[in-house]
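J.: Dumping the structure here so I can ask a few things about it.
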Amino acid sequence: MIEVKDVYFTYPNGVEALKGTSLTIKNGEFLALMGENGAGKTTLVKHFNGLLKPTRGNVLVDGVNTTKVSVAALARKVGFVFQNPDNQLFSETVEEEIAFALKNFGFKEKTIRKRVTWALNLLDLTQYRKTSPFMLSGGERKRVALASVLAWNPKILILDEPTIGQDYQQKEKLRQFILQMKAQRKTIIIVTHDVEFVAECKPRVLLMRQGKITADGEALEVLTNPEILTYTSIVPPQITQIFLQLSDLNLSEEVIDVYEAQKKLLNILEKRAK
Amino acid sequence: MAIIETKNLTYIYPNRTAPSIKDVSIKIEKGEFTLITGPSGCGKTTLCRCFNGLIPHFYEGSIEGEVTAAGLKVIEHPICELAKHVGLVFQNPENQLFALSVEKDVAFGLENLGVPRDEMRKRVDWALNLTGIYDLRERAPYELSGGQQQRVAIASVLAMQPEVVVLDEPTSFLDPLGAKKIFEVIYDLNRKLEVTVVLVEHRLDLTAKYANHIIIMDSGKIVLDGEPRKILSSEEARLIGVGIPKPTRLYQILQKDGINLGSTIPLSSDEMAATLRRVLEANDRS
Numbered sequence: 002m003i004e005v006k007d008v009y010f011t012y013p014n015g016v017e018a019l020k021g022t023s024l025t026i027k028n029g030e031f032l033a034l035m036g037e038n039g040a041g042k043t044t045l046v047k048h049f050n051g052l053l054k055p056t057r058g059n060v061l062v063d064g065v066n067t068t069k070v071s072v073a074a075l076a077r078k079v080g081f082v083f084q085n086p087d088n089q090l091f092s093e094t095v096e097e098e099i100a101f102a103l104k105n106f107g108f109k110e111k112t113i114r115k116r117v118t119w120a121l122n123l124l125d126l127t128q129y130r131k132t133s134p135f136m137l138s139g140g141e142r143k144r145v146a147l148a149s150v151l152a153w154n155p156k157i158l159i160l161d162e163p164t165i166g167q168d169y170q171q172k173e174k175l176r177q178f179i180l181q182m183k184a185q186r187k188t189i190i191i192v193t194h195d196v197e198f199v200a201e202c203k204p205r206v207l208l209m210r211q212g213k214i215t216a217d218g219e220a221l222e223v224l225t226n227p228e229i230l231t232y233t234s235i236v237p238p239q240i241t242q243i244f245l246q247l248s249d250l251n252l253s254e255e256v257i258d259v260y261e262a263q264k265k266l267l268n269i270l271e272k273r274a275k
Numbered sequence: 160m161a162i163i164e165t166k167n168l169t170y171i172y173p174n175r176t177a178p179s180i181k182d183v184s185i186k187i188e189k190g191e192f193t194l195i196t197g198p199s200g201c202g203k204t205t206l207c208r209c210f211n212g213l214i215p216h217f218y219e220g221s222i223e224g225e226v227t228a229a230g231l232k233v234i235e236h237p238i239c240e241l242a243k244h245v246g247l248v249f250q251n252p253e254n255q256l257f258a259l260s261v262e263k264d265v266a267f268g269l270e271n272l273g274v275p276r277d278e279m280r281k282r283v284d285w286a287l288n289l290t291g292i293y294d295l296r297e298r299a300p301y302e303l304s305g306g307q308q309q310r311v312a313i314a315s316v317l318a319m320q321p322e323v324v325v326l327d328e329p330t331s332f333l334d335p336l337g338a339k340k341i342f343e344v345i346y347d348l349n350r351k352l353e354v355t356v357v358l359v360e361h362r363l364d365l366t367a368k369y370a371n372h373i374i375i376m377d378s379g380k381i382v383l384d385g386e387p388r389k390i391l392s393s394e395e396a397r398l399i400g401v402g403i404p405k406p407t408r409l410y411q412i413l414q415k416d417g418i419n420l421g422s423t424i425p426l427s428s429d430e431m432a433a434t435l436r437r438v439l440e441a442n443d444r445s
């Protein structure tokens, strides 16, 4: 469980990135954090693994105050995959990259080998086992970064913009993977601008603006509310946009998904045909 | 006349054995808005690097076939000469920013071209305003957010006013509204100033509506090349795993359910909403 209690954070250059943020994330929850650039999303999640400590207020991870433990100790529990994979990749080969943290955490050689193979497989990277991460495409490097964190099996997983540079199939795999993690009662937090991805995954959605949380609810409820979305500079999902434009025709507007839209429209057309 | 053309282009990076692009022949006409898409690792970025000579002049490796950009054979001309005609915005902005202020970064290319001071001032301000970063002009690029850095990278290329602007996922770090504004700016340049635009993107939801030419790549090869409406509604595009825009997908599945939505395939929410309005209203009248 992560508890954020009235957290303020000011960067050394004086920028106040968090201005009184409070929230609770329960074990096994899947949450998407959205909001415009500079809203404080990345600053907030960096508090979850202790990379940043509150200027005021408290962050508790499983009841432990993050100011009382080292980042290294928290890392075992809280895996963080950065927005830009180049900030975390440095090894000669993809395989070594994934093994690195496992070695640091003191896993046995045999376990390391097993975990590395598992992670390579899961993220479609087996063919690049011996390749340098820097020879890979942006989307592939992103997957290497994810694999290296997944390998140590953290309880809480934070993914900062996981869909950037990923094609449609990779996104679908990521969605399946998140659902699988969720079934294992892992906590997953994604920071994202990808409203279509959120519409497909339907997590709990938190919107931020100027260092504060402005909305917190189910995806369907938050992503179909035009006032909230405009306030936080979020463009509604495409399917929602269609229904919002037809609001004068008295269709219900709460749709975020293609197949729900199909059902709804077929219904309406049949009813009206009668 | 094609402003960018490749003929049987095959390229292998140094220390690799398999080619990253294979036998690629494409034509991009002057004034087109071309979208290049395809699964991650399919060779999109590699192909773009050929357009301004980064391949082969910077990356080296082995190249076969021909590339011409703005009438110049890329293999025979240095990057600095090609850069006057073809501007490239990279996927990762950190790879192209280096100056101590945003303004200096944007002016850098112009300084190299020897543009007179007044003209330089005008163009830098124009590019800063267009991309919405005029207020950031005195900040250091490295202390900006990923999204802001992307705007700086775009401004630096636009300031050069090249005939062709090649953008490799230029807004991946921007929020959706920010991304939309940038795409609108690029679309505007394309329509009003007839700048040829080549855009690499996965997010067809956001971009398909701007394009009049789409190229889909897979495993280093061109698999589909042509008119966006036709290509995005094709079964092949769906099977390759290209993210078909949701409104296009909704149109397809409703048509399959036997609902006649007309023959114009929508690429955006606006177009799909208009189509549905027509059908729903006709339905009410009958």
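Heads up: the sequence lines are chains A and V, in that order.
For my numbering, add 1 to where a residue sits in the first sequence, where the first one is 1.
For my numbering, add 159 to where a residue sits in the second sequence, where the first one is 1.
In this text, a Cβ means the ideal position worked out from N, Cα and C, and glycines have one as well.
If we count the other Cβ atoms within 10 Å of its Cβ and call it buried at 16 or more, is A/M209 buried or exposed?
T.: buried
J.: For A/K213, which residues in the same chain have their Cβ closer than 6 angstroms to its Cβ, ignoring the five residues on either side in sequence?
T.: K20
J.: Thinking C-beta only, is V/I390 closer than 8 angstroms to V/I412?
T.: no
J.: Suppose you measure from the CA of V/R280 to the CA of A/L24; what does that come to, to the nearest Å?
T.: 48 angstroms
J.: Are the stretch 125-140 of chain A and the stretch 84-99 of chain A in contact at 8 angstroms, needing three or more beta carbon pairs?
T.: yes
J.: Run through the stretch 52-127 of chain A for me and flag every whole beta strand (DSSP E) of 3 or more residues, listed as ranges in chain order.
T.: 57-62, 79-82
J.: Just by C-beta distance, which residues in the stretch 218-234 of chain A are closer than 7 angstroms to chain V?
T.: S234
J.: Would you kindly report the start and end of the unbroken beta strand (DSSP E) that includes A/S23?
T.: 17-26
J.: Jot down the residue ranges of each uninterrupted alpha helix (DSSP H) in the stretch 190-237 of chain A, minimum 4 residues, whole runs only, in chain order.
T.: 196-202, 220-224, 227-232
J.: Using a 10 Å radius around the Cβ and a threshold of 16 neighbouring Cβ atoms, would you call A/A220 buried or exposed?
T.: Around the C-beta of A/A220, 16 or more other C-beta atoms lie within 10 Å, and the residue is accordingly described as buried.
J.: Quick one: residues in its chain with C-beta nearer than 6 angstroms to the C-beta of A/K42, no 5 flanking neighbours on either side, listed in chain order?
T.: L34, G36, V192, M209
J.: Do A/L252 and A/I269 have their C-beta atoms closer together than 8 angstroms?
T.: yes
J.: Classify V/E322: buried if its beta carbon has 16 or more other beta carbons within 10 angstroms, exposed otherwise.
T.: Under this definition V/E322 is a buried residue.
J.: Return helix, strand or coil for V/I238, following the three-state DSSP convention.
T.: helix
J.: Quick one: what's got a C-beta closer than 7 angstroms to A/G51's C-beta in the same chain, skipping five residues either side?
T.: T67, V70, V72, L75
J.: List, in order along the chain, the chain A residues whose C-beta lies closer than 7 angstroms to that of V/G400?
T.: Going along chain A in sequence order, the residues near V/G400 (Cβ under 7 angstroms) are D168, Y169, Q170.
J.: Just to confirm my understanding: we take A/T40, look at its own chain, exclude 5 residues before and 5 after, and list those with CB closer than 6 angstroms. What are they?
T.: For the record, residue 40 of chain A in the displayed sequence is Ala; it is not Thr. The beta carbon of A/A40 sits closer than 6 angstroms to those of M209, R210, all from its chain and outside the five residues before and after it, given in chain order.
J.: Which residue comes first and which comes last in the alpha helix (DSSP H) that contains V/N349?
T.: 335-351
J.: To the nearest angstrom, report how far apart V/T423 and V/Y346 are at their CA atoms.
T.: One C-alpha to the other measures close to 22 angstroms.
J.: Between A/V145 and A/L90, which are expected to be in contact by the criterion C-beta below 8 angstroms, what is the C-beta distance as a whole number of angstroms?
T.: Confirmed, Cβ separation roughly 6 angstroms.
J.: Going by C-alpha distance, which of V/D294, V/I162, V/A432 is nearest V/L231?
T.: V/I162
J.: What are the residues in the stretch 351-375 of chain V lying within 9 angstroms of chain A by C-beta distance?
T.: Residues passing the 9 angstroms Cβ filter: H361, R362, L363, D364, L365.
J.: Listed from N- to C-terminal order along the chain, which residues in the stretch 334-353 of chain V have their beta-carbon within a distance smaller than 8 angstroms of any beta-carbon of chain A?
T.: Along the stretch 334-353 of chain V, going in chain order, the ones with a CB nearer than 8 angstroms to a CB of chain A are D334, P335, L336, G337, A338, K339.
J.: Note down, in chain order, all residues in the stretch 401-426 of chain V with a beta-carbon under 7 angstroms from any beta-carbon belonging to chain A.
T.: V401, G402, P404, K405, P406, R408, L409, I412, L413, D416, I418
J.: Could you please give the first and the last residue of the uninterrupted alpha helix (DSSP H) stretch that includes V/S428?
T.: Counting along the chain, the alpha helix (DSSP H) containing V/S428 begins and ends at 428-444.
J.: Check the Cβ-Cβ distances between A/N85 and every residue of chain V, and say whether any is below 8 angstroms.
T.: yes
J.: Would A/V259 count as contacting chain V if we go by Cβ distances under 8 angstroms?
T.: yes
J.: Can you name, in chain order, every residue of its own chain whose Cβ lies under 8 angstroms from the Cβ of V/D182, other than the five neighbours on each side?
T.: N167, L168, T169, G224, K380
J.: Measuring alpha carbon to alpha carbon, tell me which of V/I187, V/L439, V/S199, V/V357 ends up nearest V/M376.
T.: Closest option to V/M376, Cα to Cα, is V/S199.
J.: Beta-carbon of V/Q250 versus every beta-carbon of chain A: anything under 8 angstroms?
T.: yes
J.: Quick one: Cα of V/I403 to Cα of V/E188, how far?
T.: Straight across, the Cα-Cα distance linking V/I403 with V/E188 is about 24 angstroms.
J.: Work out the CA separation of V/L358 and V/P425 for me, nearest whole Å.
T.: 20 angstroms
J.: First and last residue of the alpha helix (DSSP H) that includes V/N271?
T.: Start and end: 261-272.
J.: What are the start and end residues of the beta strand (DSSP E) that includes V/Y170?
T.: 161-171
J.: Between the stretch 210-230 of chain V and the stretch 266-277 of chain V, do three or more beta carbon pairs fall short of 8 angstroms?
T.: no
J.: What is the rounded straight-line gap between the Cα of A/K27 and the Cα of A/I159?
T.: 14 angstroms
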